[in-house]
Amino acid sequence: MGMFSRISDIVQANINAMLDKAEDPEKVIRLIIQEMEETLVEIRSVAAKNLAEQKQLDRQISGLQKQASNWQQKAQLAVDKQRDDLARAALTEKHSVESKVTALEEQKTQLDDLIKNIQEDTARLQSKLNEARTKQKSLVARKQNSAVRLQAKQSVNSNAVEDAVTRFEQYESRVEALEAQVDAFDIVPASSETVNLEQQFAQLEKDENVEAELAKLKAKFKKPASKATKSNAKAAA
């Protein structure tokens, strides 16, 4: 079982436990993110140790390979000097060193596979962490929107709002009644006395206009009459 699979099982178990307790979803996802972050720190710490061990193995293998090469040279020298006993001893040491190299290389291969798996698990966990953070932002926004909508619906359904609407309607009715009274003055005719008085003043203005026009006519025909009178007087003389 990979490290990520084990971590996923632990996280899933904690999620199920939180859901069984009817925890706040925002709190649940926040704890999940926190656990993922802590797990990433732990994985990276393990990866760092494995990488350090990998470098150490590389150094050990490199040192042993140099030893094996050195024993090979010594065996060759012993053969040249016709010292088969020393050549055998050198080759024995060389084979011993090569056995150690083989063991270390097998250990290094296992370690390389482990590091590769850790890197893959780390990448997958980091992806899930990024996804969880994105969902956390979305969840917080949805929760806030839901809270605002719930508050609005509660306000709409509250008695206080109903009372305010009722009072507003009553006030609106009073304003409409006042407007109706104002409009009534334009529709209902004035009293008979007021109408009679207005008619008398109108008649006076009319008579005055007539008299003024009559005076103008008299003035117009008066001048020709005076000239005729003077002509008649001269003829009589």
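Counting from 12, one number per residue, gives the positions in the sequence shown under my numbering. Even glycine gets a Cβ: it sits at the ideal position worked out from N, Cα and C.
I need the straight-line Cα distance from PHE232 to VAL221, nearest angstrom please. 17 Å
7 Å Cβ cutoff met for VAL108 and LEU75: yes
Looking at LEU150 and GLU37, is the spacing between their C-beta atoms short of 7 Å? yes
With 16 as the cutoff for other CB atoms within 10 Å, does LYS66 come out buried or exposed? It counts as exposed.
So what does DSSP say about GLN121, is it helix, strand or coil? Note: GLN121 maps to helix in three-state DSSP.
For THR177, does the count of other Cβ atoms within 10 angstroms reach 16, so buried, or fall short, so exposed? exposed
LEU122 vs ILE72 beta-carbon contact at 7 Å: no
Identify, in the order they occur along the chain, each residue of the same chain with its Cβ nearer than 7 Å to the Cβ of GLN147, setting aside the five sequence neighbours on each side. Closer than 7 Å at the Cβ level, and outside the excluded window around GLN147, lie ILE40, ARG41 and ILE44.
Note down, in chain order, each residue of its chain lying with its Cβ closer than 8 Å to the Cβ of ARG144, except the 5 sequence neighbours on either side. ILE44
Are the beta-carbon atoms of LEU102 and ALA89 separated by less than 7 Å? no
ALA79 vs LYS105 beta-carbon contact at 7 Å: Yes; because the gap between Cβ atoms is below 7 Å, this pair is in contact.
Closest by CA to LYS127, which one among LEU62, ASN207, TYR182 and LEU215? LEU62
Contact belief for LEU140 with GLU48 at Cβ below 8 Å, rounded distance in angstroms: 7 Å
How is the alpha helix (DSSP H) around ARG55 delimited, first residue to last? 36-91
Residues near LEU228 by beta carbon distance below 8 Å, same chain, minus five either side: Answer for LEU228: no residue qualifies.
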